[in-house]
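K.L.:
If you read the sequence shown in the working numbering, its first letter stands for residue 22, the second for the next number, and so on. First the structure, which I've put down as C-alpha cells, then a few questions once you've had a look.
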Amino acid sequence: MLPRFLFCTVLGLSVPALCYAQPATTRLDQVLEVGHMTVCTTGDYKPYSYLREDGRYEGIDISMAESLAQSLGVKVKWVNSTWKTLMADFQSKQCDIAVGGISVSLERQKKAFFSQPLGIDGKIPLVRCQDVERYQTLEQMNQPSVRLIEPPGGTNEIFARAHLPKASLTLFADNLTIFDQLLAKQADVMITDASEARFQQKRKPGLCAVNPERYLQYSEKAFLLPRDDVAWKSYVDQWLHLSKATGAYDRVVNQWLAAP
22 MLPRFLFCTV LGLSVPALCY AQPATTRLDQ VLEVGHMTVC TTGDYKPYSY LREDGRYEGI
82 DISMAESLAQ SLGVKVKWVN STWKTLMADF QSKQCDIAVG GISVSLERQK KAFFSQPLGI
142 DGKIPLVRCQ DVERYQTLEQ MNQPSVRLIE PPGGTNEIFA RAHLPKASLT LFADNLTIFD
202 QLLAKQADVM ITDASEARFQ QKRKPGLCAV NPERYLQYSE KAFLLPRDDV AWKSYVDQWL
262 HLSKATGAYD RVVNQWLAAP
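Okay, here's the thing in C-alpha cells:
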C-alpha cells in the first residue's frame with residue numbers, strides 16, 4: 022500500500038483533512054482501551070498540583086485531570102515529575118497528558134501540543150511586604166545587590182536569566198519551601214506567576230505579590246498533550262470548553278483562589 026502522502030499525490034487530492042497523516046490508533050482510543058489515563062505532574066506547585074504527605078495529589082489541575090478521566094470513564098495513573106525533567110518524563114514515560122500550572126512556551130510547543138489555554142497568568146515579583154515599593158520595576162530588581170531565588174528548569178528561571186541578568190540568582194530545588202527563604206531574608210525576590218504569588222501571600226503572612234494585575238510578561242496556562250495526535254487534543258479541548266461553559270472550571274478555581 023502507498024504511504025498516505027504518496028496516495029494523496031497520486032490521486033491529486035489537496036484537502037488537508039483527507040491527507041493529514043494520523044496515527045492508526047490515537048491516544049484517545051488507547052486510554053479508553055486500557056481503562057486509565059496516565060498523568061505527569063510535579064506535585065510541588067500550589068495551587069495547581071501538590072503531592073500530600075499521605076501520597077494523594079490535590080490542586081486545581083489535579084481536580085481537572087480527575088474530571089477529564091471521569092468524562093472518559095477511566096481511572097488516573099499519576100507519574101511524578103520535576104520542572105527540570107517534565108518534558109523528558111512526559112515523552113519517555115508515555116504520559117497521556119501533563120498538568121500542574123504549566124506555562125505555554127514556544128520551546129515546549131516544539132515537542133508537544135497544548136490544550137486550549139486555561140487562562141492568562143503573567144510573571145510578577147513576590148517579595149517581603151515591607152519591600153514592595155523597592156521592587157516595582159525590572160530596573161529596580163536588575164541590580165547586583167538583589168538576591169533572586171527561583172526553582173530550576175522552569176519558566177521562572179528562564180525569565181530571571183533573560184530579564185534580570187545583573188541580579189544574583191540562586192536556584193532552589195524545593196518549590197514548596199522556597200517561599201520561606203524570602204521570609205528568612207535569605208533572598209529578596211522570587212519571580213513567579215501571579216496566581217502562585219496571590220496564593221502564597223494568603224497563606225504566608227509577610228509575603229506580598231507586587232502588582233498582581235500588571236504582568237511583567239504575558240503568559241498562559243494549559244495542559245501538555247502528545248504532539249500530532251489531533252483526535253486526543255480535540256477531545257481534551259472540547260471537554261475543557263464544556264467545563265468552562267458550565268462553570269465547572271470556575272468552581273474548582275474558586276476553591277483555591279477565591280478570597281477568604
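Built from N, CA and C at the ideal position, the CB exists for glycine as well.
Could you tell me whether the segment 46-55 touches the segment 263-270, where touching means 3 or more Cβ pairs closer than 8 Å?
P.N.:
They do not touch, by the three-pair rule.
K.L.:
So what does DSSP say about residue 254, is it helix, strand or coil?
P.N.:
Residue 254: helix per DSSP, three-state reduction.
K.L.:
For residue 245, write down the residues that DSSP places opposite it in a beta bridge.
P.N.:
For residue 245, which the question treats as bridged, DSSP gives the partners 119, 135.
K.L.:
How far does the alpha helix (DSSP H) with residue 231 in it reach, from first residue to last?
P.N.:
Segment: none, residue 231 is in no alpha helix (DSSP H) and carries neither H nor E.
K.L.:
Taking the alpha-carbon of residue 250 as reference, which of 132, 89, 99 has the nearest alpha-carbon?
P.N.:
Of the candidates 132, 89, 99, the one whose C-alpha sits nearest the C-alpha of residue 250 is 132.
K.L.:
With distance defined between alpha-carbon atoms, name the residue in 278, 279, 269, 275 nearest to residue 88.
P.N.:
Considering only alpha carbons, the answer is 269.
K.L.:
Along the alpha helix (DSSP H) that carries residue 100, what are the first and last residues, could you check?
P.N.:
Premise fails: residue 100 lies in the beta strand (DSSP E), 96-101, not in any alpha helix (DSSP H).
K.L.:
Going straight from the alpha carbon of residue 230 to that of residue 77, what length do you get?
P.N.:
Straight-line Cα distance between these residues: approximately 29 Å.
K.L.:
Kindly indicate which three-state DSSP category residue 176 falls into: helix, strand or coil?
P.N.:
If DSSP states are grouped into helix, strand and coil, residue 176 belongs with the helices.
K.L.:
Is it the case that the segment 171-185 contacts the segment 89-107, given that we only count it when at least three CB pairs across the two stretches are under 8 Å?
P.N.:
Contact between the segment 89-107 and the segment 171-185 is present, because at least three Cβ pairs lie under 8 Å.
K.L.:
Evaluate contact between the segment 106-114 and the segment 205-219, counting only Cβ atoms and requiring at least three cross-stretch pairs below 8 Å.
P.N.:
No, the segment 106-114 is not in contact with the segment 205-219.
K.L.:
DSSP state of residue 70, grouped into three classes?
P.N.:
Reduced to three states, the DSSP call for residue 70 is strand.
K.L.:
Residues in its own chain within less than 6 Å of residue 24 by CB, not counting five upstream and five downstream?
P.N.:
Any answer about residue 24 is weak, because its pLDDT of 43 lies below 50 and its placement is not dependable; what the coordinates show is given next. Excluding sequence neighbours, residue 24 sits near nothing in its chain.
K.L.:
Is the beta carbon of residue 243 closer than 9 Å to that of residue 135?
P.N.:
Yes, they are a contact pair.
K.L.:
Name, in chain order, the residues that DSSP records as bridge partners for residue 140.
P.N.:
Bridge partners of residue 140: 242.
K.L.:
Pull up the distance between the alpha-carbon of residue 66 and that of residue 50, whole angstroms please.
P.N.:
So the two alpha carbons sit approximately 30 Å from each other.
K.L.:
Taking buried to mean at least 16 other C-beta atoms within 10 Å of its own C-beta, is residue 141 buried or exposed?
P.N.:
Exposed is the call here.
K.L.:
When the Cα of residue 82 is compared with those of 94, 62, 96, which residue comes out closest?
P.N.:
It is 62.
K.L.:
On the premise that residue 241 lies in contact with residue 138, defined as a C-beta separation below 8 Å, what is that separation, rounded to the nearest angstrom?
P.N.:
Correct: roughly 4 Å between the Cβ atoms.
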